[in-house]
Amino acid sequence: MADSLEDFASMPEEWGYPGATIRDRIEEFNATVGEGGATTPGRLLDRHPLDEPPFYAIEAAPAITFTFGGLLIDTGAHALSADTTTDPDPDPCPDSGGDSRRSKAGRRPVPGLLAAGADAGGLYRRAYAGGLAPALVFGLAAARTALTETSAAVAR
């Protein structure tokens, strides 16, 4: 994890990552999108500079490790039940805080069950975002949820 792009340049050599090159490529990308230029590969939906820390470097190797199925989750990475209920309050509850709250068309969170990465489904409506992106994003969300809900339960 890096708190600034400059932090990449100071990555230890024994880690095996060209930190200065990572920093330089992100700075080049940011300059290109800032000037309205074309990126390689092209980006249609998210042409924004990568300028908000923290930054993460992850090692990836090409492989087929992904399906489009999985458990339906909310933004807190709670796995949601398969059954739906009629709820007088039609507003979705994106971060489910307990069994009394509902999210995603009346589905209830399954107590104690969080999901991320290839185990999470319902994430791809417009395009495939890659298998690592939801693993990182919802893995962090699941960790935050687990810490928050565990702390709340201990405090009771």
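Position one of the sequence shown corresponds to residue 1 (our numbering), numbered consecutively onward. No residue lacks a Cβ here, since even glycine has one placed at the ideal position from N, Cα and C. A quick note: this is a predicted structure, and the numbers were derived from the prediction, not measured.
Sheet register partners of Leu114 (DSSP bridge): Position 114 of the sequence shown, counting from 1, holds the residue named residue 114. Answer is His78, bridged to Leu114.
Residues near Met11 in its chain [Cβ-Cβ closer than 6 Å; skip 5 each side]: As a working note, residue 11 is residue 11 in the sequence shown. Correct list, in chain order: Tyr17, Gly19.
Environment of Ala82 [buried if 16+ CB atoms lie within 10 Å]: Taking the first residue of the sequence shown as 1, we reach residue 82 at position 82. Burial call: exposed.
Contact belief for Leu136 with His78 at Cβ below 8 Å, rounded distance in angstroms: Position 136 of the sequence shown holds residue 136. Position 78 of the sequence shown holds residue 78. Wrong, their Cβ atoms sit about 18 Å apart, outside the cutoff.
Inter-residue Cα distance where the pair is Gly34 and Pro49: Your numbering for residue 34 matches position 34 in the sequence shown. Your numbering for residue 49 matches position 49 in the sequence shown. Their backbone Cα atoms lie some 7 Å apart in a straight line.
Own chain, CB closer than 7 Å to Ile22, minus 5 neighbours either side, in chain order: In the sequence shown, counting from the first residue as 1, residue 22 sits at position 22. Same-chain partners within the cutoff: Phe8, Ala57.
Backbone CA spacing between Ala61 and Gly36 [nearest angstrom]: In the sequence shown, the residue the question calls residue 61 occupies position 61. In the sequence shown, the residue the question calls residue 36 occupies position 36. Going from the Cα of Ala61 to the Cα of Gly36 covers about 30 Å.
9 Å Cβ cutoff met for Leu80 and Arg108: Locating residue 80 in the sequence shown gives position 80, where the first residue counts as 1. Locating residue 108 in the sequence shown gives position 108, where the first residue counts as 1. Cβ distance < 9 Å, so Leu80 and Arg108 count as in contact.
Length of the line joining the Cα atoms of Glu149 and Gly139: Counting from 1 along the sequence shown, the entry for residue 149 is found at position 149. Counting from 1 along the sequence shown, the entry for residue 139 is found at position 139. Rounded to whole angstroms, Glu149 to Gly139 spans 15 Å at the Cα level.
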